Amino acid sequence: MQLFFRQVGTGRPLIILHGLFGSCDNWLTISKVIADQGFSVYAVDQRNHGRSPHADTHSYPELADDLHEFIQQQGLEKPILMGHSMGGKTVMQYAMQYPDAFSHLVVVDIAPRSYRVHHAEILAGLKAIPLATLQSRSEADQLLRGYEPSASVRQFLLKNLYRNDDGTFAWRINLPVIDANIEIIGHDLVNQRTVSEPTLFMRGEKSGYVRDKDLPTIQHLFPNSTVDTIEGASHWVQAEQPQAFVQSLVTFLQ
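Under full-length UniProt numbering, the first residue of the sequence shown is numbered 1, with each subsequent residue one higher.
Following this line, the structure appears as structure tokens:
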């Protein structure tokens with residue numbers, strides 16, 4: 001699969017994978033900040049997201065294989081792998097499937113465990129938007145408001161909306177496949193092994209995604225890991241506390 005990506009900077013290769021409903025465009029600003037620290041940053045759209053190809057399936061082993069193919073296509077030697085949420089699960093799964101094929105892992109606000117489906121309302125809201133007759137983004141936002149009260153979350157979700165050449169709206173995300181595979185997206189890692197490479201887990205102080213009771217599992221699977229709690233941040237650590245996020249990342253990598 002030929003994944004879409006944006007690259008900035010020169011230096012040690014660092015790959016960023018976004019979370020569910022996201023894209024590499026969400027990481028443009030912070031990618032430039034990271035690149036200024038001496039890294040060649042590759043922000044990648046995962047399958048069924050952004051400008052990357054759509055597929056009929058969406059599992060972590062497949063996402064890890066997509067990442068491996070991307071690394072080979074770009075000729076990258078043991079890159080640093082960073083992923084947020086779903087992207088964090090992808091880089092952890094990659095570590096299980098491709099030992100010794102990377103230098104460091106950075107996992108942002110996700111744990112190596114299964115999660116209950118909690119995006120049902122968002123999916124219902126996205127499916128309720130009538131693309132064929134939709135006139136504007138503001139109309140889509142008004143419809144989505146009945147399913148998602150947060151204006152910032154709605155803005156994030158509606159970044160996936162674009163106009164076709166004929167003027168009609170369409171989704172960049174593969175909404176039917178994501179909807180059909182939402183339980184799989186919450187699944188645990190498969191073919192688990194102990195990962196000895198240096199790993200940083202970043203979690204938001206206000207987020208419930210990485211709990212204290214997850215720490216023994218993290219330490220068991222990733223014995224060479226540290227956990228950094230970012231004060232004042234919830235799940236969107238990099239957006240809510242960008243300076244602390246970059247400082248934690250650079251300190252770990254140095």
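Even for Gly, the Cβ is constructed at its ideal location relative to N, Cα and C.
These figures come from a predicted structure and were not determined experimentally.
Cβ neighbours of residue 83 in the same chain (closer than 6 angstroms, five flanking residues each side left out)
To locate residue 83, count along the sequence shown from 1; it is residue 83. If we look at residue 83 and ignore the five residues flanking it on each side, its Cβ neighbours are 17, 90 and 91.
Tell me which residue opens and which closes the beta strand (DSSP E) that residue 29 is part of.
Position 29 of the sequence shown, counting from 1, holds the residue named residue 29. Premise fails: residue 29 lies in the alpha helix (DSSP H), 28-35, not in any beta strand (DSSP E).
Bridge partners for residue 42 per DSSP, in chain order?
Position 42 of the sequence shown, counted from the start, is the residue given in the question as residue 42. DSSP lists 7 and 15 as partners of residue 42.
Could you check where the beta strand (DSSP E) with residue 199 kicks off and where it finishes?
For the purposes of this step, residue 199 is taken as residue 199 along the sequence shown, with counting starting at 1. Looking at the DSSP string, the run of the beta strand (DSSP E) that includes residue 199 is 199-204.
Can you tell me which of 10, 23 and 13 puts its alpha carbon nearest to the alpha carbon of residue 4?
Counting from 1 along the sequence shown, the entry for residue 4 is found at position 4. The candidate whose alpha carbon is nearest that of residue 4 is 23.
Start-end ranges of the alpha helix (DSSP H) lying completely within the segment 178-252, minimum 4 residues
Within the segment 178-252, complete alpha helix (DSSP H) segments of at least 4 residues are found at 182-185, 215-221 and 237-240, given in chain order.
Any idea what DSSP makes of residue 110, helix, strand or coil?
Taking the first residue of the sequence shown as position 1, residue 110 is located at position 110. In the three-state DSSP reduction, residue 110 falls in the coil class, being neither helix nor strand.
Neighbour-count burial assignment, residue 184, 16 or more Cβ in a 10 Å radius:
On the sequence shown, residue 184 is found 184 positions in, with the first residue counted as 1. Its Cβ having fewer than 16 others within 10 Å, residue 184 is exposed.
Which value, in whole angstroms, describes the spacing of the CA atoms of residue 230 and residue 236?
The sequence position of residue 230 within the sequence shown is 230, counting from 1. The sequence position of residue 236 within the sequence shown is 236, counting from 1. Rounded to the nearest whole angstrom, the C-alpha separation of residue 230 and residue 236 is 11 angstroms.
Less than 6 angstroms between C-beta atoms, sequence neighbours within five positions excluded: which residues of the same chain meet that for residue 94?
For the purposes of this step, residue 94 is taken as the residue at position 94 of the sequence shown. 64 and 67.
Check residue 122 in the structure and name its three-state DSSP category.
By one-based count along the sequence shown, residue 122 stands at place 122. Reduced to three states, the DSSP call for residue 122 is helix.
Taking contact to mean 3 or more Cβ pairs, one atom from each stretch, closer than 8 angstroms, check whether the segment 158-178 and the segment 125-136 are in contact.
With the cut-off at 8 angstroms, the segment 158-178 and the segment 125-136 touch.
In terms of residue numbering, what span does the alpha helix (DSSP H) encompassing residue 167 cover?
Locating residue 167 in the sequence shown gives position 167, where the first residue counts as 1. Where residue 167 is concerned, there is no enclosing alpha helix (DSSP H), given that its DSSP letter is neither H nor E.
Can you check whether the CB of residue 46 is closer than 8 angstroms to the CB of residue 88?
Along the sequence shown, one-based indexing puts residue 88 at 88. Along the sequence shown, one-based indexing puts residue 46 at 46. No; because the gap between Cβ atoms is not below 8 angstroms, this pair is not in contact.
Along the beta strand (DSSP E) that carries residue 84, what are the first and last residues, could you check?
As a first step, residue 84 is located in the sequence shown; it is residue number 84 there, counting from the start. Run containing residue 84: 80-84, per the beta strand (DSSP E) assignment.
Look up residue 131 in the DSSP assignment and say whether it is helix, strand or coil.
Position 131 of the sequence shown, counted from the first residue, corresponds to residue 131. Residue state, collapsed to three classes: coil.
Would you be able to state if there are at least three C-beta pairs under 8 angstroms between the segment 139-148 and the segment 116-123?
Verdict: yes, contact present.
Any contact between the segment 110-120 and the segment 53-61? By contact I mean 3 or more CB pairs, one from each, below 8 angstroms.
In this structure the segment 110-120 does not lie against the segment 53-61, because fewer than three pairs of beta carbons, one per stretch, are closer than 8 angstroms.
Say whether the segment 154-161 touches the segment 201-210, bearing in mind that this needs 3 or more beta-carbon pairs closer than 8 angstroms, one atom from each stretch.
No: fewer than three Cβ pairs fall under 8 angstroms.
CB of residue 109 within 8 angstroms of CB of residue 209, strictly:
Along the sequence shown, read from residue 1 onward, the residue named residue 109 stands at position 109. Along the sequence shown, read from residue 1 onward, the residue named residue 209 stands at position 209. Yes, these two residues count as a Cβ contact at 8 angstroms.
The beta strand (DSSP E) with residue 162 in it runs from where to where?
Taking the sequence shown and counting its residues from 1, one reaches residue 162 at position 162. Annotation: the continuous beta strand (DSSP E) that includes residue 162 extends over 161-163.
By the DSSP assignment, the alpha helix (DSSP H) with residue 256 in it spans what residues?
Because the chain here runs from 1 to 254, residue 256 falls outside it and cannot be looked at.
Nonlocal neighbours in the same chain, by C-beta distance under 8 angstroms from residue 98, ignoring five residues either side
Indexing the sequence shown from 1 puts residue 98 at position 98. Here the set comprises 64 and 68.
Following the continuous alpha helix (DSSP H) through residue 156, name the residue where it begins and the one where it ends.
Locating residue 156 in the sequence shown gives position 156, where the first residue counts as 1. Element bounds for residue 156: 151-158.
Taking the beta carbon of residue 28 as the centre, do at least 16 other beta carbons fall within 10 Å, making it buried, or is it exposed?
By one-based count along the sequence shown, residue 28 stands at place 28. Burial call: exposed.
For residue 104, which residues does DSSP report across the bridge?
Residue numbering aside, residue 104 sits at position 104 when the sequence shown is read from its first letter. In the DSSP assignment, the residues bridged to residue 104 are 80.
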